[in-house]
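Novice: Here's a structure for you.
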Amino acid sequence: MVEINRDELSQAYSQLKSTQSQILQQEKLASIGQLAAGVAHEINNPVGFISSNLGTLAKYVDRLKGFVEYQTTLLETLGDPEKLTALKEERQHQKIDRILEDLADLITESLDGTERVRKIVLNLKSFSRVDQADQKMADINECIESTVNIVWNELKYKAKVIKEYGELPHTLCYPQQLNQVFMNFLVNAAQAIEKQGEITIRSWLKDGFIHVSVRDTGSGIAAQNLHKLFEPFFTTKEVGKGTGLGLSIAYDIVKKHNGEILVESEVGKGSIFTVKIPVLEKNDA
Ligand SMILES: Nc1ncnc2c1ncn2[C@@H]1O[C@H](COP(=O)(O)OP(=O)(O)O)[C@@H](O)[C@H]1O
Ligand SMILES: [Mg+2]
């Protein structure tokens, strides 16, 4: 009698412990999200005026260039030959022609750079909106896209990423949380690929459900592990690489959306993780 109680107690205790750390992890993700959104907001402003100033600078440089050309032609016809030679030498010495040529390239490159920063900031913002808890109408394809951009560094060396987005209606959901689901799938897919492979992201609408699948050509999952995937702390990865929380968090998020996650896998061939969530109109909530 006492034995059974103690068993139940220890089971309840370990369940409590795992729930607690799951909550901790979610809290941590939420605060990282808030931090990222704050930083993104702060970066946005300076990037805005840098890029606007660079645009103006490009126009000014163009004018200066035109003026220098004009002055040169004028001096050729009017100038005192001696002074003209001196001027030409000085121009050569200061490498003015090269500088004028280079200036435009420098500005174009800098504008490219600020554009890239702007995009990263945009992705960070949509990925980690401060309004974490907010349910809103969202375009799931946009969610996928911003998540892909966020984890691009983890993917790019491992896999060719193929995107097959279908047309989707906007749906009422928790977009940042779904981003987390996609992120977990994508990172898992990349980690399952040992050297080089393919990751295919598909989205489609069927029977009132939005489907998103992430397919990889990685290791696949052993049959005896399939039913454990969504347990908190189940991981086959070495310490530091896996926490075993990704899929359990994904499971909770998808459940909250009244959806489900389907897994197909073949050892040595790869896996497909599919999320299925119902399309919701604003007034369905
Ligand atoms: N795409 C995949 N290919 C192979 N195994 C996978 C894949 N996704 C998940 N798994 C298996 O499921 C386990 C749990 O995944 P997850 O909850 O994300 O935790 P973690 O990635 O931290 O290990 C992984 O350790 C791995 O064994
Ligand atoms: Mg994972």
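Numbering (our numbering), first residue to last: 424 to 708. For each residue, glycine too, the CB sits at the ideal point set by N, CA and C. Computed from a prediction, not measured in an experiment: that's the story for all the values here.
In the DSSP assignment, the beta strand (DSSP E) including residue 617 goes from what residue to what residue?
Specialist: Looking up residue 617 in the sequence shown gives position 194. Neither: residue 617 is in no beta strand (DSSP E) and is coded neither H nor E.
Novice: Leaving out five residues before and five after residue 615 in sequence, what residues of the same chain have Cβ atoms less than 6 Å from its Cβ?
Specialist: Along the sequence shown, read from residue 1 onward, the residue named residue 615 stands at position 192. If we look at residue 615 and ignore the five residues flanking it on each side, its Cβ neighbours are 639, 641, 642.
Novice: Would you mind working out which of 586, 558, 561 sits nearest residue 571, comparing C-alpha positions?
Specialist: Taking the first residue of the sequence shown as 1, we reach residue 571 at position 148. If we check each option's Cα against that of residue 571, 586 comes out closest.
Novice: Give the secondary structure of residue 557 by DSSP, where H, G and I count as helix, E and B as strand, and everything else as coil.
Specialist: Here residue 557 refers to the residue found at position 134 of the sequence shown. Coil at residue 557, not helix or strand.
Novice: Can residue 615 be considered in contact with ligand 1, in the sense that its beta carbon sits closer than 7 Å to one or more heavy atoms?
Specialist: Taking the sequence shown and counting its residues from 1, one reaches residue 615 at position 192. Residue 615 Cβ: within cutoff of ligand 1.
Novice: Could you please give the first and the last residue of the uninterrupted beta strand (DSSP E) stretch that includes residue 685?
Specialist: If you number the sequence shown from 1, residue 685 lands on position 262. First-last of the beta strand (DSSP E) with residue 685: 683-689.
Novice: With a threshold of 8 Å on Cβ separation, who are the neighbours of residue 502 within its own chain once the five nearest residues in sequence on each side are excluded?
Specialist: Taking the sequence shown and counting its residues from 1, the one referred to as residue 502 is at position 79. 510.
Novice: Can you find a heavy atom of ligand 1 that lies under 7 Å from the Cβ of residue 632?
Specialist: As a working mapping, residue 632 is identified with position 209 in the sequence shown. No, since every heavy atom of ligand 1 falls outside the 7 Å radius drawn around the Cβ of residue 632.
Novice: Tell me which residues share the same chain as residue 553 and place their Cβ nearer than 6 Å to its Cβ, disregarding the 5 neighbours each side in the sequence.
Specialist: Within the sequence shown, residue 553 is the residue found at index 130, counting from 1. The predicted position of residue 553 is uncertain, since its pLDDT is 45 and thus under 50; a value taken from the coordinates is nonetheless stated next. So the qualifying residues of the chain are 457, 460.
Novice: Does the distance from the CB of residue 437 to the CB of residue 477 come in under 8 Å?
Specialist: The residue given as residue 437 occupies position 14 in the sequence shown. The residue given as residue 477 occupies position 54 in the sequence shown. Cβ atoms of residue 437 and residue 477: not closer than 8 Å.
Novice: In the DSSP output, what is residue 625 paired with across the bridge?
Specialist: Residue numbering aside, residue 625 sits at position 202 when the sequence shown is read from its first letter. Partner(s): 587, 636.
Novice: Compute the minimum distance between the beta carbon of residue 662 and the heavy atoms of ligand 2, and state whether it is under 7 Å.
Specialist: The residue given as residue 662 occupies position 239 in the sequence shown. Not under cutoff, so the answer is no.
Novice: What's the gap between the Cα of residue 463 and the Cα of residue 545?
Specialist: The count along the sequence shown starts at 1 and reaches residue 463 at position 40. The count along the sequence shown starts at 1 and reaches residue 545 at position 122. Roughly 8 Å between the two C-alpha positions.
Novice: Return the Cβ separation of residue 595 and residue 558 in integer angstroms, given the expectation that the two are a contact with Cβ distance under 8 Å.
Specialist: Numbered from its first residue, the sequence shown carries residue 595 at position 172. Numbered from its first residue, the sequence shown carries residue 558 at position 135. Yes, residue 595 and residue 558 are in contact; Cβ-Cβ is about 6 Å, under 8 Å.
Novice: Roughly how far, in whole angstroms, is the beta-carbon of residue 626 from the beta-carbon of residue 635, given that I think they are within contact range, below 8 Å?
Specialist: As a position in the sequence shown, residue 626 is number 203, starting the count at 1. As a position in the sequence shown, residue 635 is number 212, starting the count at 1. Residue 626 to residue 635, Cβ: 5 Å. Contact.
Novice: Quick one: grab the DSSP three-state call for residue 701.
Specialist: Residue 701 sits at position 278 when you count from the first residue of the sequence shown. Reduced to three states, the DSSP call for residue 701 is strand.
Novice: Using the Cβ count rule (16 or more neighbours within 10 Å means buried), how would you classify residue 692?
Specialist: Translated into the one-based positions of the sequence shown, residue 692 becomes position 269. Counting Cβ neighbours within 10 Å, residue 692 comes out exposed, since fewer than 16 surround it.
Novice: What is the DSSP secondary structure of residue 594, counted as helix, strand or coil?
Specialist: Locating residue 594 in the sequence shown gives position 171, where the first residue counts as 1. Of the three classes helix, strand and coil, the one that applies to residue 594 here is strand, per DSSP.
Novice: Going by the C-beta, is residue 471 closer than 7 Å to any heavy atom of ligand 2?
Specialist: For the purposes of this step, residue 471 is taken as the residue at position 48 of the sequence shown. Result no, Cβ not under 7 Å from ligand 2.
Novice: For ligand 2, any of its heavy atoms closer than 7 Å to the Cβ of residue 611?
Specialist: Residue mapping note: residue 611 aligns to position 188 of the sequence shown, counting from 1. Residue 611 Cβ: within cutoff of ligand 2.
Novice: Extract the residue ranges of the alpha helix (DSSP H) inside the region 480-530, only unbroken runs of 4 or more that lie entirely within it.
Specialist: The region 480-530 contains these whole alpha helix (DSSP H) runs: 504-516.
Novice: How many angstroms separate the CA atom of residue 607 from the CA atom of residue 583?
Specialist: Looking up residue 607 in the sequence shown gives position 184. Looking up residue 583 in the sequence shown gives position 160. Looking at the two C-alpha atoms, the distance is approximately 18 Å.
Novice: Rounded to a whole number of angstroms, what is the C-alpha to C-alpha distance between residue 465 and residue 579?
Specialist: For the purposes of this step, residue 465 is taken as residue 42 along the sequence shown, with counting starting at 1. For the purposes of this step, residue 579 is taken as residue 156 along the sequence shown, with counting starting at 1. Cα to Cα, the separation comes out at about 28 Å.
Novice: Nearest by alpha-carbon distance to residue 562: which of 621, 499, 633, 699 is it?
Specialist: Along the sequence shown, one-based indexing puts residue 562 at 139. Of 621, 499, 633, 699, the residue nearest in Cα terms is 633.
Novice: Quick one: grab the DSSP three-state call for residue 695.
Specialist: Residue 695 sits at position 272 when you count from the first residue of the sequence shown. Note: residue 695 maps to strand in three-state DSSP.
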